[in-house]
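Asker:
2 protein chains.
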Amino acid sequence: MTGSENVSHMKWWGWGVEGVAFDHRDKPALAPFVLANVGLDIDRPGRPRKDFADLAVQDPLAPPDLLTSLQKAVGPDHVHVDAMQRVVHTYGKSLRDLLRLRVGDLPRVPDVVVYPVDEQEVVAVLDAILAADAVLIPFGGGSNIAGSLEPSAQEARPIVSLDTGRMNSVLDIDEQSGVARIQAGAQGPAIEEQLGLRGWTLGHFPDSFTHSTLGGWVATRSSGMQSDKYGDIADITRAVRVVQPGGTLVTRPVPSTSTGPSVREMVLGSEGRLGVITEVTVQVHRIPQERLILGYLFPTWEDGLEAMRAISESDAAPSVTRVSDARETAFSFATRKQSRGVQSLKSSALRKMLTRKGWDLSSMCLSFIGYEGSSTHVAAQRKAVRSIVKKHGGLGIGRGPGELYDQKKFDTPYIRDFLLDRGAVADVSETSAAWSELLPLYRHTVRAAGQAFDRIGVQGWIMCHLSHSYHSGACLYFTFAFKHGADAIAQYDEVKVAVQQSFMDRMATLSHHHAVGIEHARWLAQDISGPGVVMLEGVFAAVDPGQHLNPGTIVPWREPRG
Amino acid sequence: MTGSENVSHMKWWGWGVEGVAFDHRDKPALAPFVLANVGLDIDRPGRPRKDFADLAVQDPLAPPDLLTSLQKAVGPDHVHVDAMQRVVHTYGKSLRDLLRLRVGDLPRVPDVVVYPVDEQEVVAVLDAILAADAVLIPFGGGSNIAGSLEPSAQEARPIVSLDTGRMNSVLDIDEQSGVARIQAGAQGPAIEEQLGLRGWTLGHFPDSFTHSTLGGWVATRSSGMQSDKYGDIADITRAVRVVQPGGTLVTRPVPSTSTGPSVREMVLGSEGRLGVITEVTVQVHRIPQERLILGYLFPTWEDGLEAMRAISESDAAPSVTRVSDARETAFSFATRKQSRGVQSLKSSALRKMLTRKGWDLSSMCLSFIGYEGSSTHVAAQRKAVRSIVKKHGGLGIGRGPGELYDQKKFDTPYIRDFLLDRGAVADVSETSAAWSELLPLYRHTVRAAGQAFDRIGVQGWIMCHLSHSYHSGACLYFTFAFKHGADAIAQYDEVKVAVQQSFMDRMATLSHHHAVGIEHARWLAQDISGPGVVMLEGVFAAVDPGQHLNPGTIVPWREPRG
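Chains as they are written, first to last, in this note's numbering: chain A, 1 to 562; chain B, 563 to 1124.
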């Protein structure tokens, strides 16, 4: 049993664990690339962050009765009111969160942090909160980037952050059915480790994998790198247990059901508004015999997208489909280490060969396609994909780049802190749309971002990759960056809003897998229509008439901050 | 544009079209089989049904203002108050419905039947209904067997049945994205015909296919025979348009999204409680190069189930997985025609061979497994399945039985009327559960049905097949029959309740794909827990505070009738 002192958290001011950071010194092409594209000299020393001791953290608003009943609920060792605990539980890791933490902008922090060890304790915590007319915000790994964890600055009631970090066990594996019961607070590595000991895998690997929890994935409708094979968390989740004011919601672990509108599905994406998820029954798979990710190159982004579409329409079933636009491809090449990885690309032999084939190397696009299963299955999928890639002018470049990508993918979020240290912001916005909408959506979004960069007077950068394929469409994942001025948040909002509004204008969605939170709430009615918002309000009000559960997240939209 | 006079309906008293009926005279083994197993002589003339003219149909409760505004909404030709229209729209085709129609048990029939031609007319109909404080029940093909269409006998407000039969067009196919926009009133054959002209298929083939609609499938979370490949309707549905009291719910046709609890998913299974579904965007597929269904035999039911489980765990991706228990296998053989189909099984050569292998022919189980796709894909799947089947003691018996099954599957529902004509009831209950629960569930249910047969003093029959496989479990589909006495409904309830309660007792669900209606509502809280029911009530109340939309369906449970 984990004590709350052993629940690890990310840096209070940024992504990941203390002592780990992005380092550009072994990537010689990066500094000139960044200088040329956003005008930032990354070799210059960065701007200082505030020290934790210099933050002005408000005193906790914790009535003695509430504290006493919380201590009774989880034990006195697992109730915390110190500033570090409370600051760590204030925000997720959105760019807005990082910017505010760096300057100590903390208008409202949770008053108490509690660490229940099981569902019974969660029930007792919720009872205490309801009795005290307080507010409960469930907290998993704290990796959310949509503002789903943030207390409202106007909240006058005591706020309790419920950290699920002590509920981190795989409780049971039903090997016959391929399902496992897992506590909601278990983080990615803990899940894979516990399952792996018995030869199983969940197969869910979001970029946040090392710092996010099963409960958080469910609460935000997360997707992972291999979701093409294993499904999004919505497909993986077979049953839930959720502690609510009216009792504990318990659904049955059946593969499919016709019991009216699905309450299991309503919990997916509920971001704490429908209670505390304590346990999830998930599909698990035997660790596959083979697993590999191959690299491919396409002459253009259009070719790459069309190849992914053709793969999705075919009988082939890869585990990963990913293709970067030319700008993201150039960025990937700029982050390669001196003498490893996609080194072969540098080789004049390959460049000469591609040029001879008539490729314009500046529009070339890098793709990764993954395969998992028996050797026979993997070989058949590779063969089917190879022929589709060839038909679209692409060519395979082997295992090296894919292996490197696979090892490094969880390090990507560290780059934001690296750039913030040096005076630039970088962030992501992702969406999904039908195949026929992807190119217009892409062009519209790149143009909209460009116009926003012009309005704020910066040299901006935007790049994109397709990250997941479905029968009827795909996820486009944009990353943008620029050297910010004095009011970084206002500048950021200008770009972020332009990108998100472009999604709305081109029949895409406000987010494919990062949730609504408060960051995307202003686009909710455009996305799901007014009557859709009414439906959400209805189910939230039925479960939580007193608005004690993470109020303000998803709906309603509050005036933008900044 | 279809006039309402051209919207065809099933027989007012039974399944399917006038002039088509089940006929046992070319199936010589059936009469002795039925006599031996339920003590019924099917060669004896049946019991007479009431003539339509002899039914006592109440006068319509249709205030002139309501009639006028409905006529204005859809045109006077498309508003009907005659007895035949109203009786046809009173029930679905559950066994309880058929029993009541045969004796003219019609405590409450809809007062008016309207046929809007498009969404705008649906809006006008709903406005008229709200203004008159009336009730709206959407009606698709009328094939529902869960009581989802039935007006409450206590309903004092005027009741309007909204027949979607004139909204039957495929509006658009986005060939690049593999999605089509289809009007909700389109029935299976109309959809496949319109899509087929352009080389596409929906791939959704429930047993009710010939008489059910897209809107009905969505409203009940339907499954089809090839759902292992194409997905249940919940997977196929990409976007919905639903006319509600507060406006029209419109969701976006994106492949996956993270916009809070999914309102698209809430419409799935909503059975009219959340409004009138007018249009659905669905995934469509190019008609596959090859499509075949092969027959297999297993020595025992346990072997057959275990083989299906092994297939689901493997990399193989068949389009159909189905295996019957020994009793259903015996029934299949008893319904074969004199000189066709599974004829080879009769051949003493095969029987001798199986006996020599040590098979007990009375526990033998018939299985169908389907394959669709390119020739290469189909060949690879067949090969993978063959090796799994062999490992579980099974053997292939070729194409004949599968082709016969494929041709005849939509005729099965006619058998209930055939038996009712002769004094016996037959009905189905289906569920799903985790793989590890299937055998205990099966045994428990067969025993529970047997005890119920004993209590009502009949020689009863229950048989079962696995109809759909998933990663984590499967659908078990039970059929039961017995020769009924004077109070057929009370006897039926005894058996039906025993079977459904067995599902609850063994961690299965109240229905895999037949919906809740009023028939299964009493088990809803056991299935999704009390807090789950509260969530459903919340979303229904938010959309329809006046309870004008199919009230009483799904929740709350009314006292059992009969």
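Each residue gets a CB set at the ideal place from its N, CA and C atoms; glycine is no exception.
None of these values were measured; they are calculated from a predicted model.
Give the secondary structure of residue 483(A) by DSSP, where H, G and I count as helix, E and B as strand, and everything else as coil.
Answerer: It is a strand residue.
Asker: Does any CB atom of chain A fall closer than 8 angstroms to the CB of residue 853(B)?
Answerer: No, residue 853(B) does not count as interfacial toward chain A.
Asker: List the DSSP bridge partners of residue 700(B).
Answerer: 724(B), per the DSSP bridge assignment.
Asker: Below 8 angstroms, can you find three or more Cβ-Cβ pairs linking the stretch 966-975 of chain B to the stretch 1003-1014 of chain B?
Answerer: Too few Cβ pairs lie closer than 8 angstroms, so no.
Asker: If the cut-off is 7 angstroms on Cβ atoms, which residues from the stretch 521-542 of chain A count as contacting chain B, listed in chain order?
Answerer: Those would be 524, 527, 528, 529, 530, 531, 532, 534, 535, 536, 537, 538, 539, 541, 542, in chain order.
Asker: Please name the residue or residues paired with residue 763(B) in a DSSP beta bridge.
Answerer: Paired residue(s): 847(B).
Asker: Select from the stretch 452-474 of chain A all residues with a C-beta closer than 9 angstroms to any C-beta belonging to chain B, and list them in chain order.
Answerer: Answer in chain order: 468, 469, 470, 471, 472, 473, 474.
Asker: Just the Cα atoms here: how many angstroms apart are residue 572(B) and residue 507(A)?
Answerer: Looking at the two C-alpha atoms, the distance is approximately 40 angstroms.
Asker: Please decide whether residue 120(A) counts as near chain B, where near means a Cβ-Cβ distance under 8 angstroms.
Answerer: No, its Cβ sits nowhere closer than 8 angstroms to a Cβ of chain B.
Asker: Using a Cβ-Cβ cutoff of less than 7 angstroms, which residues in the same chain neighbour residue 576(B) once the five nearest sequence positions on both sides are dropped?
Answerer: Once the five neighbours on either side are set aside, the close Cβ partners of residue 576(B) are 660, 979.
Asker: Going along chain B, which residues have a C-beta under 8 angstroms from residue 318(A)?
Answerer: Near residue 318(A) there are no residues of chain B at all, since even the closest Cβ is about 12 angstroms away, more than 8 angstroms.
Asker: Residues in its own chain within less than 7 angstroms of residue 341(A) by CB, not counting five upstream and five downstream?
Answerer: Low confidence applies here, because residue 341(A) scores a pLDDT of 46, under 50, leaving its location unreliable and the question unanswered by this model.
Asker: At the level of alpha carbons, what is the spacing between residue 354(A) and residue 304(A)?
Answerer: When rounded, the distance between both Cα atoms is 16 angstroms.
Asker: Taking the CB atoms as reference points, tell me whether residue 435(A) and residue 474(A) lie closer together than 8 angstroms.
Answerer: Yes.
Asker: For residue 103(A), does the count of other Cβ atoms within 10 angstroms reach 16, so buried, or fall short, so exposed?
Answerer: Classification of residue 103(A): exposed, given that the 10 Å Cβ count is below 16.
Asker: Looking only at its own chain, which residues have a Cβ that is under 6 angstroms from the Cβ of residue 620(B), when we skip the five neighbours before and after it?
Answerer: Result list for residue 620(B): empty, nothing under 6 angstroms.
Asker: Considering only residues of the same chain and omitting the five flanking positions on each side of residue 983(B), which have a CB-CB separation below 6 angstroms?
Answerer: These residues qualify, in order along the chain: 608.
Asker: Per DSSP, residue 857(B) is paired with what?
Answerer: Per DSSP, 930(B), 960(B).
Asker: Within 8 angstroms of any Cβ in chain B, is that where the Cβ of residue 46(A) sits?
Answerer: No, residue 46(A) does not count as interfacial toward chain B.
Asker: Please list, in chain order, all residues of the same chain as residue 487(A) whose beta carbon is under 7 angstroms from its beta carbon, the five residues on each side excluded.
Answerer: There are no such residues.
Asker: Answer with buried or exposed for residue 63(A), where buried requires no fewer than 16 other C-beta atoms within 10 angstroms of its C-beta.
Answerer: Residue 63(A) should be labelled exposed.
Asker: Does chain E have any CB closer than 8 angstroms to the CB of residue 944(B)?
Answerer: Within the model displayed, chain E is absent; protein chains A and B are what it includes.
Asker: Whole alpha helix (DSSP H) runs in the stretch 479-552 of chain A with 4 or more residues, listed along the chain?
Answerer: Runs found: 488-505, 524-528, 530-543.
Asker: Would you tell me roughly how many angstroms separate the C-alpha atoms of residue 883(B) and residue 391(A), rounded to the nearest one?
Answerer: Going from the Cα of residue 883(B) to the Cα of residue 391(A) covers about 34 angstroms.
Asker: In this structure, how does DSSP classify residue 903(B) when only helix, strand and coil are distinguished?
Answerer: Only weak support exists for where residue 903(B) lies, its pLDDT of 46 falling under 50; the coordinates are left without a value.
Asker: Please go through the same chain and pick out, in chain order, the residues whose beta-carbon is closer than 6 angstroms to the beta-carbon of residue 37(A), but skip the five residues on each side of it.
Answerer: Contacts found: 461.
Asker: For residue 1052(B) and residue 597(B), what's the separation of their Cα atoms in angstroms?
Answerer: Computed Cα separation, rounded: 23 angstroms.
Asker: Starting from residue 687(B), trace the alpha helix (DSSP H) in both directions and tell me its first and last residue.
Answerer: Its alpha helix (DSSP H) spans residues 681-693.
Asker: Using a Cβ cut-off of 8 angstroms (strictly closer), state whether residue 780(B) contacts chain A.
Answerer: Answer no: the Cβ-Cβ gap between residue 780(B) and chain A never drops below 8 angstroms.
Asker: Taking C-beta to C-beta, are residue 704(B) and residue 711(B) nearer than 8 angstroms?
Answerer: Cβ distance < 8 angstroms, so residue 704(B) and residue 711(B) count as in contact.
Asker: For the stretch 207-269 of chain A, list the alpha helix (DSSP H) runs that are entirely contained and at least 4 residues long, ordered along the chain.
Answerer: 214-220, 227-230, 233-236, 263-267, all fully within the stretch 207-269 of chain A.
Asker: Residue 174(A) versus chain B: which residues are under 7 angstroms apart at the beta carbon?
Answerer: Under the 7 angstroms cutoff, chain B gives 996, 998.
Asker: By how many angstroms is the C-alpha of residue 165(A) removed from the C-alpha of residue 864(B)?
Answerer: Looking at the two C-alpha atoms, the distance is approximately 42 angstroms.
Asker: Nearest to residue 493(A) by alpha carbon, out of 519(A), 509(A), 479(A)?
Answerer: Selected option, being the one with the closest Cα: 519(A).
Asker: For residue 134(A), is the classification buried or exposed, using 16 other Cβ atoms within 10 angstroms of its Cβ as the cut-off for buried?
Answerer: Buried, because 16 or more other Cβ atoms sit within 10 Å of the Cβ of residue 134(A).
Asker: Given this structure, state the Cα-to-Cα distance separating residue 603(B) from residue 652(B), to the nearest angstrom.
Answerer: When rounded, the distance between both Cα atoms is 32 angstroms.
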